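Here the structure comes first, spelled out in C-alpha cells, and everything after it is commentary.
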Amino acid sequence: MALMTSKRVTHQWKNFEVFLSFRGEDTRLGFTGYLYQTLDRNGIKTFIDDKLRRGENISEEFLKIIENSMISIVVFSENYAFSTWCLDELVKIIECKKNDKMEVRPVFYNVNPSDVRNQKGKFGEALAKHEEKFKDNKKIQSCPESHFIQDIVKEVSNARFNCSPLFVARYPVGINDRVKAMLLDIELNDIHMVGIYGPSGIGKSTITKAIFNRIYDRFEGCSYLENVSEKSMTNDGIIKLQESLLLEILGDRNLKVDNKYRGINVIKKRLCCKRILLVIDDVNNLEQIENLLGEFDWLAYGSKIIITTRDKQLLSSFGKGHSTHKVQELNNEEALKLFSMYAFHRNEPMLGYCELADQFICYGEESPKKPKKRSRIWCYEDALSVLTEDEGSDEIQGIMLRSPEPIKKQFKVGFSKMKNLRLLIVCNVHICGDLEYLPNTLRLLDWSEYPSSSLPSTFCPQKIVALQMPQSNIRLDRLLKSLQSQTLKYMDFRSCEYITKLPDLSMSTPNLKELALSDCNNLVEVHQSVGRLNKLVVWDLKGCSELQLLPDCLMMKSLEYFNVLYCSKLKKFPNIHPEMKSLKYLEIGETSISVLPPSFGNLTRLKTILFGSYDHLLHLPISIYELQHLSDLGLYGTVIFPKEFRYIFPSLIKLTLSFFEIRSEVDFILTSCCTRTLKYLYIYNSNVVTLPERIIDFTSLHTLHIEGCELLQNIPSLPQSIKKVHASNCLSLDSQSSSELSNQFGEILGHPPQTESYSTFGGFKKTCKHIFQEYAFENVKFKKEDLNSDEDECNGLWFSSSDFSIHVTEFHKRETKYLNSDLEDTRCGYEIVAPGNMIPVLFEHRSGGSISFWIGSEFHTLALCFAFDLPRGNNYSYICDVHISINGFKRELKAQLFEEMNIGHLWFYYIPQSSLQQLFIDLNLDSWNFVKVLCRISCWTSGSTKLPPIIRRCGVRQICGCRSEDSIIGVKPANHPLDSIFSDEDELDMGMSLADHPSGKQ
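This is how it looks when you write it as C-alpha cells:
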C-alpha cells in the first residue's frame, strides 16, 4: 500500500505562537497590554513590540517575526489605520494567511466592524490619506478595500490551539536519545508514516508523546489517538475515534458521524488539504488504521502519521513512504536512574539500597516478554493485570503498581505465585480486605495507605531492608510480633493514625537506621529501649501532637537527626548520655517543655537547633554554652538564657528570633551570644525597639531580615558586609533609620553620605526641583479612582489565598535555579526593603512601574528603586516581575515575592555589571542604547479587599567607576539614528534635557 502525494505546503519553524498587531497610542496601556499579560501568564509565547516607533518603513527583521508566528491577533482601534507601520504589518499578515502559514483573529476595540469591513469613518479617511501619499506604492493597491479587510473579518473561528503539548512521563529518563533517532525520518518534507514497535511496557507511547510535543506546532492540525485497539472493539468506539480526530484538527464540536464508513469519507474530505500530524497509538490490526485513514491516498504533502504497535509484521503492510523503529530498552544506567526516581525520588538509590537496586536492575536486563515471564514489571497496566488476574510467576523479582489517580481494585489471588518477589511498590491503589500472603523474599516493601492493621501472619522476611507504609492502618504492636529482622534499616510510618505506642525495637529491629513517625497524631508513648538504639541515625516525631513520654535517657551513639517539633503535649526532654556525640540537628519547638536537663550540654556536635514555644517559657541550662559547633540557632517564643557568665557561640552563622516578648533577652542574645561569624539575622514579630550598636561588629553579616516588629524604631549602622536588608511591616521605624539604610545604599552606589547641612531624605541631597514633587507625593492619599490611572498599569490579577499559594510554589521553583549553596540570589548585589513611598532624589524617577533611558556602549551596574502603595488596614501578598529590555531585546531581571505586607514600602534592587553582561551575552551594544525597565505585579491576594497594591513610582541610576555626576542616566544625542523608531514620549519619560547629559555639557 503506497503513500500518494498531493500539493506541497511549505513549512518553517515558528518562534512565536501569537503576534500582536495594534496601535500603541490606542491600546498599549490598556486592552493590548492586559491581553499580552494574560497570554504570557498562560504560557503562550507572544510577540509584542514594546518600542514606540516613528518612521515609515518596516524592517525585514520585523517581517520575519511575523512570518515566524503561528497566529496573529489584530486589534483594530480608532487610529489603527492612521499608522503606516500598522498597515505594513497587516499586509504581511494577510500575505502569510493566504500562503497558509498563519491564522488571523480580528479584535474590534471601540470601532464598528462594518466601518473596518467597508472602510468607513476614520478608517476610510485614514486609508484615503495613505493612498494619496503612496499613489505608486503597490502595497496599498495590492489589497483593494473589498478584500484586504474581508480576509481577516471572515477568518476561521477555530485557532491552532486545539493542539497542545501532552504530558510525557513523570520521569522521562532516556527519552531524548530515542526521540532524536526517530526524528530524522519524521522531519523529512514528504508524506511519511512512521511505525514504532516493541513489547508492552517498553515505552512506545511515552516516546511517541515526546515526538508529538517536538513537532506538533509545525502542522495545520494534529491529533493524538490513544488506546486505539481497545477503543476499536465496538462500532461506537470507532465512531468516537473518528469524531475525536475531526474535533482535534478542525475544532468543530458540531461535526458528528453517523457510521464508521461515512466517517472515513468525512475525514478524507475535510482533511485532504491540510498538512496534519496524526498519532495512532496501540494498534494490533490493519483495519483499525483503515477506519481512520481509509486508503492513505489523500494525505496532503508534508503530513506525518505515527503508529505504535506490538506487532512488527503489521507495519510491513505499508509500501513506500514509511519507516519502522524498534524501541530500545533502557540500559543499566538509565534503568537504575528511573528506578531510583520512582522508589527514592532522586537520581540514585538511597544509602543502603544500592545493592538491592543493582540486583533489581540486573534481573530486568532480559528483553520484556509477557508480564509473567519478566523479572520486573514497571508498567502500571501490566502490573495491574498480574495482580488482579492471577498472572504472577516465580520469575517476577519486582513490581511497581503506581496508578496516576487513586483507584480501588480487588486483588483476587495476591502474590502467592511470586515466591521470589524482592521489590514491591504500591501507590494510589486501594485493596479491599486483608492481604493473605506476601513473599518472604521481599527486600523493599513500599505501600502507601496500606489498608490492614498488620501484615500477613505468614510474612517473615529474612532480608527485608526497607518498610515504607505511610498513611496506613498498620499497628506496630501487631506488626512487630511477627517481624524479627536483623536486616531492616528503614521504617516509614508517617501519618499512621492507629499507632499509639512505639514498642520495644531492640530485638525486632536492632539495626534500624531511619525511623519516620511524623504526624502520627495518636502516638502517646515511646518504649524505653528505643533510647538505646545505637544504629539509629534519623528519628522523626514531628507533629505527634499526643506524644507525652519519651525514654528517660537517650544513649544513641549514631543519632544525627532528632525532631519533636509540634509535639505540644511533651513536657519532659530526656537526659543525654555523655556518649551521644553524633547529634547534629535538633528541633524541639512548640512543645510543653519548660526546662532542659543539665546533660543537654553533652550534645557537643550539635550544629542546628530550633526550640521554644509561643505558650511556654523555656529555661536553658548553663551547659548550653558547651555547644561550640552550633551554627544555626532558632528561638521561638521566649527562651531564657543563663547569665552567670559571658558566653558566646563562636561558630554561629544564622540566628532566628520569632515572637520574643522579653526585650532584654533579645539584647542579651545579640550582645553576648553572637560573634563576627554571624552571617544571617532574622527577627520576626518580636518586642524589639532597636538593635544594639554592636551589630556593626558582625563583619560577616550578609542578611538582616526584620518583619512585623511594630515597635522597632531604629536600625543602627550596619557592617560593610551587608548585602540584603528587609524591614517590612515595621510600623514605628523612624526616618533616621531609613536615612541610615539609604545612606549605606548610597555609598554602594558611589554616592557619599550627605552632611546635616543638606536637606536630605534617605541620605541623598534634595534639590529645589524635587522639593515640590516630594511634598506633593507625601500628601497623596489612596483613592479608588486611582485604580484607573496610568500609574495603575502594573496591577496584576487577584487570586484567592489558596490559588495564590499555587503561584507561590511555582515562584519558588523558578527562583531556585538562581540561588547558590547558601540560598543567596546570585543575580543581586544589594537589596533593601524598608517602609516609605518616596524615591530618593539620587534616582531618576517617574510615576508608575516603568522607566526608559539611554546608556552608552558599556554595561554598568544598575540601581533600581520601586515605591509600593497599599490601601491601609489590609494585608497583601504579591509577586512582582521585573524585566529589562535593551534595544528591544527583553529579559527577565528578577521576580520578587512580598508576603503579608500591610504598609507601603520601598524596594531597592542593585544589579551588578557582571549580571547584566551575562543576561545580554548575545547582544552587542551600540554607541547609544535604549533601555526600558518594567516592574509589574503579576498576581496578588488579600483576604479583606479587592483593591490592588500599587506601584507608585520607579527610579533608576547607572553606576560606573567615574565621578558620581557622570553616572547619571542620559538622553540620546541629537540626530541619533534610532530617532526613527522612538517617539518623543520616550525622552519626556526621563524628565531630562540634553544639557543634563555629559555629552551635552561638553
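Numbered according to UniProt numbering, the sequence shown spans residues 1 to 1002. Just so it is clear, CB atoms sit at the ideal spot from N, CA and C, and this is done for glycine as well. All values reported here derive from a predicted model rather than from experimental measurement.
- Selection Ala727, Thr500, Arg310 and Ser927 evaluated against Phe859 yields Ser927 as nearest (Cα-Cα).
- One thing to note: Ile662 has its Cβ within 8 Å of the Cβ of Thr638.
- When the alpha-carbon of Lys304 is set against those of Lys256, Lys513 and Leu183, the nearest one is in Leu183.
- Pairing Glu710 with Ser732 gives a Cβ-Cβ distance under 8 Å.
- The beta carbon of Asn563 is closer than 7 Å to those of Asp540, Leu541, Lys542 and Glu587 in its chain, skipping five residues each way along the sequence.
- The distance from the Cβ of Tyr450 to that of Ser472 is about 4 Å, consistent with a contact at the 8 Å cut-off.
- Taking the CA atoms as reference points, Ile249 sits about 14 Å from Gly263.
- Straight-line measurement puts the Cα of Tyr876 at about 18 Å from the Cα of His812.
- Of Ile306, Pro871, Ser323 and Asn602, the smallest CA-CA separation from Asn902 is found for Pro871.
- When DSSP states are grouped into helix, strand and coil, Glu525 belongs to the strand group.
- Checking the DSSP bridge columns, you'll see Leu897 partnered with Ile879.
- A Cβ-Cβ contact shorter than 8 Å links Lys679 with Ser700.
- Between Thr941 and Ser728, the C-beta spacing is not below 8 Å.
- For Ile706, DSSP records a beta bridge to Ile683 and Ala727.
- Looking only at Leu476, Lys489 and His192, the smallest Cα-Cα distance to Val465 is reached by Lys489.
- In the DSSP annotation of this structure, Ser453 is not part of any beta strand (DSSP E), being labelled neither H nor E.
- A residue is called buried once 16 or more other Cβ atoms fall within 10 Å of its Cβ, and Cys432, having fewer, is exposed.
- DSSP places Asn563 in the uninterrupted beta strand (DSSP E) bounded by Tyr561 to Asn563.
- Around the beta carbon of Gln313, a 10 Å sphere encloses fewer than 16 other beta carbons of the protein chains shown; the residue is thus reported as exposed.
- Asp477 carries a helical assignment under DSSP once its states are collapsed to helix, strand and coil.
- The Cβ-Cβ distance between Gly174 and Thr324 does not fall below 8 Å.
- When the five nearest sequence neighbours on each side are left out, the beta carbons in the same chain lying within less than 6 Å of the beta carbon of Glu334 are those of Val173 and Gly174, in order along the chain.
- Using a Cβ distance threshold of 8 Å, Thr671 and Asp632 do not count as a contacting pair.
- Note on the segment 276-315: whole alpha helix (DSSP H) runs with a minimum of 4 residues are 286-293 and 312-315, in chain order.
- Of the candidates Gly294, Asn285 and Phe16, Asn285 places its Cα closest to the Cα of Thr308.
- With respect to the 8 Å criterion, Met102 and Ile73 are not classified as neighbours on the basis of their beta carbons.
- The beta-carbon distance between Val833 and Ile884, rounded to whole angstroms, is 20 Å. This is too long to meet the 8 Å contact definition.
- Under the three-state reduction of DSSP, His629 is assigned to coil, being neither helix nor strand.
- Here Asp185 has His192, Val194 and Ser323 as same chain residues with Cβ atoms under 7 Å from its own Cβ, once five neighbours each way along the sequence are excluded.
- Sequence-distant Cβ neighbours of Glu89 in its own chain, meaning closer than 6 Å and more than five residues away, are Ser21.
- Annotation: Gly263 is outside any beta strand (DSSP E); the continuous alpha helix (DSSP H) that includes it extends over Lys260 to Leu271.
- Cβ neighbours of Arg478 within its own chain (closer than 7 Å, five residues either side excluded): Ser453 and Ser454.
- In terms of CA proximity to Cys273, Trp298 leads the group Arg23, Met233, Trp298 and Ser457.
- When secondary structure is reduced to three states using DSSP, Arg936 falls in the strand class.
- Taking the Cα positions, Ser482 is about 7 Å away from Cys460.
- Taking 8 Å as the cut-off, the Cβ atoms of Leu554 and Gly589 do not count as close.
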